[in-house]
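Chemist: Once you know that position 173 of the sequence shown is 173 in full-length UniProt numbering, the rest is easy, because the numbers rise by one and skip nothing.
Every residue gets a Cβ at the ideal spot worked out from N, C-alpha and C, and that includes glycine.
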Amino acid sequence: MRHCRFFFNPTGRYPITSNMTKQHKLTDIFEQQRLRLFRQAYGMLGRVAPAEDVVQEAWLRWQKQDMETIRSPAAFFSTVVHRICLDELKKARHQRERYIGPNLPEPLLEAPTRTPDEELELAESLSMAMLVILDELSPVQRAVFILRELFEYDYETISDVVNKSTAHCRKIAQRARDQIHDRKPVFERKPAAQQGLVKALLEAVQRQDLAEVEALLAEDSVLYSDGGGKVTAARKPIYGSNKIARFLVGIQKQAPEGKKWWLEYTSVNGEPGMIIRVEGQLYNVWSFHIEEQKIESIYVVLNPNKLGTAKKQLS
């Protein structure tokens with residue numbers, strides 16, 4: 001489903017058609033929806049390139065529509081995006097079941113093109129913490145939850161998107177909320193304080209101060225490490241501040257000597273994070289979810305297949 005992405009055309013030129021007025025209108029409407037559609041697709045799939053492909057497919061289908069018959073372009077686009085995503089998730093079910101270790105989303109690093117408000121929106125709706133929880137839902141539950149809870153669609157529109165009755169959609173949404181229950185992450189807009197907490201954690205790890213590392217973590221904190229079977233990583237989540245502290249201090253002690261390591265702080269999916277380079281090459285991406293000045297969860301992406309977008313952002 002990969003095409004030359006029209007909306008990333010570096011020339012900025014639109015295709016020449018016999019009716020430029022219609023083409024410009026089609027393009028303008030699509031551009032107004034593009035970022036929102038990417039976030040919906042990324043929220044469903046957790047991968048960047050597949051999400052871009054889905055949005056591109058929505059654009060191709062949009063060009064074939066008679067605009068006079070489309071009551072709501074936003075609903076049209078969301079319907080196309082979510083139905084493609086549902087099909088993709090069904091196809092990938094067996095592959096996901098065979099995945100080795102925690103299957104984390106592909107990280108999105110801080111981008112200069114995003115405004116502070118867009119970074120905030122990203123953190124509130126598509127943080128690593130939120131995406132990991134969404135991954136526990138069935139594909140339809142995930143679609144309904146994203147549309148209702150994250151993008152505030154009404155149930156009538158959602159019913160058209162997922163092709164189920166309004167009453168059924170309400171039940172699906174309630175079941176999804178019940179399943180997530182009180183585990184839905186709470187986002188606090190304190191970037192400076194939170195990044196300071198991450199720096200304090202890393203400094204304590206470098207000093208091998210186990211007690212200080214543990215004190216910075218929530219008692220019931222959790223660490224996920226995704227190597228995908230391609231690089232060494234913890235194959236099961238690590239639970240509890242004491243075990244995580246010992247793990248972090250332990251891997252710091254095992255850092256290979258004679259190699260140059262760089263650590264850079266950044267924002268990952270809108271929340272505090274960092275990247276580590278080894279000999280100039282991106283090695284992994286870390287994201288931290290913080291509540292009430294305690295680190296609640298840590299997400300470490302090492303799988304090289306999930307670092308491609310981050311590498312492009314850093315190049």
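If you draw a straight line from the C-alpha of residue 270 to the C-alpha of residue 73, how long is it?
Modeler: Residue mapping note: residue 270 aligns to position 270 of the sequence shown, counting from 1. Residue mapping note: residue 73 aligns to position 73 of the sequence shown, counting from 1. One C-alpha to the other measures close to 28 angstroms.
Chemist: Using C-beta distances below 8 angstroms, list every residue in its chain close to residue 202, excluding the 5 sequence neighbours before and after it, in chain order.
Modeler: Residue 202 sits at position 202 when you count from the first residue of the sequence shown. Only 263 and 274 meet the Cβ criterion.
Chemist: Out of 87, 136 and 69, point me to the one whose CA is closest to residue 97's CA.
Modeler: Taking the first residue of the sequence shown as 1, we reach residue 97 at position 97. Minimum Cα distance to residue 97 is reached at 136.
Chemist: Please report the Cβ distance between residue 43 and residue 150, rounded to the nearest whole angstrom; I am assuming they are in contact, meaning their Cβ atoms lie under 8 angstroms.
Modeler: Position 43 of the sequence shown, counted from the first residue, corresponds to residue 43. Position 150 of the sequence shown, counted from the first residue, corresponds to residue 150. Cβ atoms of residue 43 and residue 150 come within 8 angstroms of each other, at about 7 angstroms.
Chemist: Can you check which of these residues, 214, 83, 192 and 303, is closest to residue 160 by C-alpha distance?
Modeler: Along the sequence shown, read from residue 1 onward, the residue named residue 160 stands at position 160. The shortest C-alpha separation from residue 160 is found at 83.
Chemist: Do residue 233 and residue 227 have their beta-carbon atoms positioned less than 9 angstroms apart in this structure?
Modeler: Counting from one through the sequence shown, the residue named residue 227 turns up at place 227. Counting from one through the sequence shown, the residue named residue 233 turns up at place 233. Closer than 9 angstroms, so yes.
Chemist: Who are the near neighbours of residue 247 in its chain, counting only those whose CB is closer than 6 angstroms to its CB and skipping five residues on each side?
Modeler: For the purposes of this step, residue 247 is identified with residue 247 of the sequence shown, where counting begins at 1. If you ignore the 5 residues before and after residue 247, its C-beta comes within less than 6 angstroms of the C-beta of 238, all in its own chain and listed in chain order.
Chemist: Where does residue 100 sit, in a helix, a strand or coil, going by DSSP?
Modeler: Residue mapping note: residue 100 aligns to position 100 of the sequence shown, counting from 1. Annotated three-state conformation of residue 100 is coil, per DSSP.
Chemist: What does the alpha-carbon distance come out to for the pair residue 204 and residue 249?
Modeler: The sequence position of residue 204 within the sequence shown is 204, counting from 1. The sequence position of residue 249 within the sequence shown is 249, counting from 1. Cα to Cα, residue 204 sits roughly 9 angstroms from residue 249.
Chemist: In three-state terms, what does DSSP make of residue 42?
Modeler: Numbered from its first residue, the sequence shown carries residue 42 at position 42. Three-state DSSP puts residue 42 in a helix.
Chemist: Is it buried or exposed for residue 266, if we count other Cβ within 10 angstroms and need 16 for buried?
Modeler: If you number the sequence shown from 1, residue 266 lands on position 266. That one is buried.
Chemist: To the nearest angstrom, how far is it from the Cα of residue 190 to the Cα of residue 32?
Modeler: Position 190 of the sequence shown holds residue 190. Position 32 of the sequence shown holds residue 32. Taking the straight line joining both Cα atoms gives about 30 angstroms.
Chemist: Select from 144, 185 and 179 the residue whose C-alpha is nearest the C-alpha of residue 380.
Modeler: No information on residue 380 is available, as it lies outside the stretch 1 to 315 that the chain covers here.
Chemist: Given this structure, state the Cα-to-Cα distance separating residue 23 from residue 29, to the nearest angstrom.
Modeler: Start at 1 with the first residue of the sequence shown, and residue 23 comes out as number 23. Start at 1 with the first residue of the sequence shown, and residue 29 comes out as number 29. Looking at the two C-alpha atoms, the distance is approximately 10 angstroms.
Chemist: If residue 51 and residue 41 are in contact, beta carbons under 8 angstroms, what's the gap, nearest whole angstrom?
Modeler: Reading the sequence shown from its first residue, position 51 is the one you call residue 51. Reading the sequence shown from its first residue, position 41 is the one you call residue 41. Right, the Cβ-Cβ distance comes to about 4 angstroms (below 8 angstroms), so this counts as a contact.
Chemist: Might you give, ordered along the chain, the residues of its own chain that have their beta carbon closer than 6 angstroms to the beta carbon of residue 198, omitting 5 neighbours on each side?
Modeler: Numbered from 1 along the sequence shown, position 198 holds the residue referred to as residue 198. For residue 198, where only same-chain residues beyond five positions count, the Cβ hits under 6 angstroms are 272 and 288.
Chemist: When you compare the CB positions of residue 46 and residue 104, do they come within less than 9 angstroms of one another, or not?
Modeler: Residue numbering aside, residue 46 sits at position 46 when the sequence shown is read from its first letter. Residue numbering aside, residue 104 sits at position 104 when the sequence shown is read from its first letter. Between residue 46 and residue 104, the C-beta gap is smaller than 9 angstroms, which places the two residues in contact.
Chemist: Output needed for residue 206: all residues of its chain with C-beta closer than 7 angstroms, excluding positions within five of it in sequence on either side, in chain order.
Modeler: To locate residue 206, count along the sequence shown from 1; it is residue 206. So the qualifying residues of the chain are 252.
Chemist: Assuming the contact rule is C-beta atoms closer than 8 angstroms, residue 100 and residue 229 should be a hit. Round their C-beta distance to whole Å, please.
Modeler: On the sequence shown, residue 100 is found 100 positions in, with the first residue counted as 1. On the sequence shown, residue 229 is found 229 positions in, with the first residue counted as 1. Contact flag correct, Cβ pair sits at about 3 angstroms.
Chemist: So what does DSSP say about residue 175, is it helix, strand or coil?
Modeler: On the sequence shown, residue 175 is found 175 positions in, with the first residue counted as 1. In this structure, residue 175 counts as helix in the three-state DSSP scheme.
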